[in-house]
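Going down the list, the sequences are from chains A and B.
For the first sequence, my numbering gives the first residue as 134, with consecutive numbering after it.
For the second sequence, my numbering gives the first residue as 38, with consecutive numbering after it.
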Amino acid sequence: MSAGVSQSPAIGQTYEVMGTVVSFIVHAGQLSDAAVHSAITRACETLRESDETFSTWKPQSPMSRLRRGEAAIAELPPEVASVLGLCECVREASGGWFDPWAMPGGVDPTGLVKGWAAERALAELVRVGIPAAMVNAGGDLAVHGRPSPEEPWRVGIRHPWRVDALACIIEADAAVATSGAYERGEHLIDPHNGTAITRAVSATVTGPSLAIADALATALVVAGASEIGFVTALAGYDAYVISPDGSETASSGIRFAPSA
Amino acid sequence: MMKPIGRVVLVLAAATIGLVTVLSLHANAPQLALPTAARVPERKQLNTPAATPSGSNQSLVLLTRSAVGATEQYGYGALSVRVTVRGSQIEDVTVNGLQTAEQYSQQLAAQVIPMLHSEVLSAQSARINGISGATYTSQAYALSVQSALDKLHA
Numbered sequence: 134m135s136a137g138v139s140q141s142p143a144i145g146q147t148y149e150v151m152g153t154v155v156s157f158i159v160h161a162g163q164l165s166d167a168a169v170h171s172a173i174t175r176a177c178e179t180l181r182e183s184d185e186t187f188s189t190w191k192p193q194s195p196m197s198r199l200r201r202g203e204a205a206i207a208e209l210p211p212e213v214a215s216v217l218g219l220c221e222c223v224r225e226a227s228g229g230w231f232d233p234w235a236m237p238g239g240v241d242p243t244g245l246v247k248g249w250a251a252e253r254a255l256a257e258l259v260r261v262g263i264p265a266a267m268v269n270a271g272g273d274l275a276v277h278g279r280p281s282p283e284e285p286w287r288v289g290i291r292h293p294w295r296v297d298a299l300a301c302i303i304e305a306d307a308a309v310a311t312s313g314a315y316e317r318g319e320h321l322i323d324p325h326n327g328t329a330i331t332r333a334v335s336a337t338v339t340g341p342s343l344a345i346a347d348a349l350a351t352a353l354v355v356a357g358a359s360e361i362g363f364v365t366a367l368a369g370y371d372a373y374v375i376s377p378d379g380s381e382t383a384s385s386g387i388r389f390a391p392s393a
Numbered sequence: 038m039m040k041p042i043g044r045v046v047l048v049l050a051a052a053t054i055g056l057v058t059v060l061s062l063h064a065n066a067p068q069l070a071l072p073t074a075a076r077v078p079e080r081k082q083l084n085t086p087a088a089t090p091s092g093s094n095q096s097l098v099l100l101t102r103s104a105v106g107a108t109e110q111y112g113y114g115a116l117s118v119r120v121t122v123r124g125s126q127i128e129d130v131t132v133n134g135l136q137t138a139e140q141y142s143q144q145l146a147a148q149v150i151p152m153l154h155s156e157v158l159s160a161q162s163a164r165i166n167g168i169s170g171a172t173y174t175s176q177a178y179a180l181s182v183q184s185a186l187d188k189l190h191a
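See below:
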């Protein structure tokens with residue numbers, strides 16, 4: 134167990150942004166520590182830029198200006214159009230369960246942006262040849278490579294009712310996003326009627342893109358386990374849902390890891 | 038010989054009745070939010086064997102470190118968590134103080150917590166690289182299991 138770790142010591146760093154903390158674990162491979170640290174710095178910079186662009190809390194962010202009708206999409210940074218394009222895709226794919234345009238207070242892509250930003254941050258690391266890395270943006274994870282040749286990334290799914298416990302562990306090779314109403318600050322609105330409601334207590338989505346997985350998880354925790362089909366209909370995406378009665382539902386592509 | 042025993046039984050019975058009376062009075066009395074984990078019923082927990090390192094006798098020097106997070110708000114109240122790390126393994130995660138905001142929250146907690154049908158995994162015994170969950174605030178991060186994992190790489 135120690136052998137794999139000592140062959141490839143991991144570099145860790147945390148960065149506070151978007152009202153949460155983003156954790157990096159980076160395996161340097163052949164790269165120097167200096168190269169890794171400068172890549173992490175650039176990754177943090179993209180996170181900060183994403184926050185500056187999309188924060189609905191910052192009155193002067195491009196997203197806030199769009200929401201107030203002060204600017205058209207074409208006048209804003211191109212990332213705004215990209216993100217809203219992704220939102221449109223997930224709105225259609227989810228049958229309207231994810232709908233940033235139905236949020237009170239104007240278009241709100243928050244349910245997708247954090248995953249999108251973390252995915253971009255990971256891309257900064259991959260671009261310089263980092264062999265393995267994990268970016269955890271406040272509970273949504275994007276991973277690359279493997280922590281050691283014989284082991285996949287193992288991601289604990291937080292127990293919805295116990296801060297110190299896990300509901301399960303799943304193996305990840307790209308993105309893992311979880312939504313739930315058990316932490317503060319989540320805005321989970323049923324787009325069909327504008328009310329705050331969740332039919333699941335925790336919804337996890339895995340798949341190739343963290344932006345998409347994040348949005349799908351946001352939709353699924355509102356929609357509930359009975360609607361899991363809109364996730365599994367998408368190639369490469371799977372879901373794990375904990376319902377209010379404690380029952381669990383998982384699609385066949387979720388790879389549960391042994392607990393020890 | 039019989040007499041003293043009989044008296045003891047009587048005394049016990051009286052004591053029991055007294056206790057029942059006290060308890061039922063308590064149940065009717067308006068309740069204050071009490072800062073004790075004791076009021077939340079103990080949950081059955083899977084005691085997974087702490088991941089037994091294969092070849093566990095390799096004489097690695099493992100440092101045991103322990104830290105208590107600040108008391109923070111969470112969904113139903115305030116709590117703080119103590120995390121103990123030994124070498125690269127989380128050895129213990131305990132809820133240090135749990136203070137739910139209102140009686141309703143305690144009832145809710147008592148009702149819903151045992152219902153997850155799968156066995157609850159204690160984070161301490163699991164070999165994991167990260168935690169996925171509902172977005173935590175910067176403040177709540179301080180007591181999260183993810184923050185304990187991050188300390189291993191700091």
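Backbone N, C-alpha and C fix where the C-beta goes; we use that ideal spot for every residue, glycine too.
In the DSSP secondary-structure assignment, isoleucine 158(A) is bridged to Gly145(A), Met267(A). Alanine 358(A) sits close to valine 374(A), with the two beta carbons spaced by under 7 Å.
Taking each of Ala226(A), Gly228(A), Pro341(A) in turn and checking the Cα distance to alanine 307(A), the smallest one comes out for Pro341(A). Chain A places no beta carbon closer than 7 Å to that of alanine 185(B), leaving this residue out of the contacts. Listed along chain B, the residues sitting closer than 7 Å to isoleucine 158(A) by beta-carbon distance are Asn166, His190. Apart from sequence neighbours up to five positions away, the residues of its chain that approach arginine 388(A) with a beta-carbon distance below 7 Å are Ile303, Glu304, ordered along the chain. If you draw a straight line from the Cα of glycine 248(A) to the Cα of arginine 295(A), it comes to about 24 Å. The beta carbons of alanine 270(A) and valine 364(A) sit no closer together than 7 Å. Cβ atoms of serine 312(A) and valine 354(A) come within 8 Å of each other, at about 4 Å. Taking 7 Å as the threshold, the shortest C-beta distance from aspartate 297(A) to chain B falls below it. The contact set of isoleucine 144(A) on chain B, defined by CB atoms closer than 7 Å, consists of His190 in chain order. Not one beta carbon of chain B lies nearer than 7 Å to the beta carbon of threonine 382(A). For the pair threonine 186(A) and glutamate 149(A), the Cα-to-Cα distance works out to about 16 Å.
Per DSSP, reduced to three states, the secondary structure at alanine 163(B) is coil, with no helix or strand assignment.
Residue pairing by DSSP places aspartate 273(A) opposite Ala270(A) in a beta bridge. The C-alpha of valine 240(A) lies about 32 Å from the C-alpha of glycine 289(A). Under the three-state reduction of DSSP, threonine 174(B) is assigned to coil, being neither helix nor strand. Taking each of Trp234(A), Cys177(A), Pro210(A), Glu212(A) in turn and checking the Cα distance to glutamate 221(A), the smallest one comes out for Trp234(A). Separation of glycine 152(A) and leucine 164(A) (C-alpha to C-alpha, rounded to the nearest whole angstrom) is 31 Å. Among the CB atoms of chain B, one or more fall inside 7 Å of the CB of isoleucine 290(A).
For glycine 313(A), the nearest CB of chain B lies under 7 Å from its own CB, placing it at the interface with that chain. The C-alpha of proline 282(A) lies about 44 Å from the C-alpha of alanine 329(A). Per DSSP, the unbroken beta strand (DSSP E) holding threonine 311(A) starts and ends at 308-313. When Cβ pairs closer than 8 Å are counted between the two stretches, the stretch 249-268 of chain A is seen to touch the stretch 167-181 of chain A, the count reaching three or more. Residues of the stretch 221-247 of chain A with a C-beta less than 9 Å from any C-beta of chain B: Lys247, listed in chain order. For the stretch 146-215 of chain A, the continuous beta strand (DSSP E) assignments of 3+ residues that do not extend past its boundaries occur at 153-160, in sequence order.
For threonine 328(A), there is no enclosing beta strand (DSSP E), as DSSP gives it neither H nor E. Counting only residues of its own chain and dropping the five nearest sequence neighbours on each side, threonine 339(A) has a CB closer than 6 Å to the CB of Val309, Asp371.
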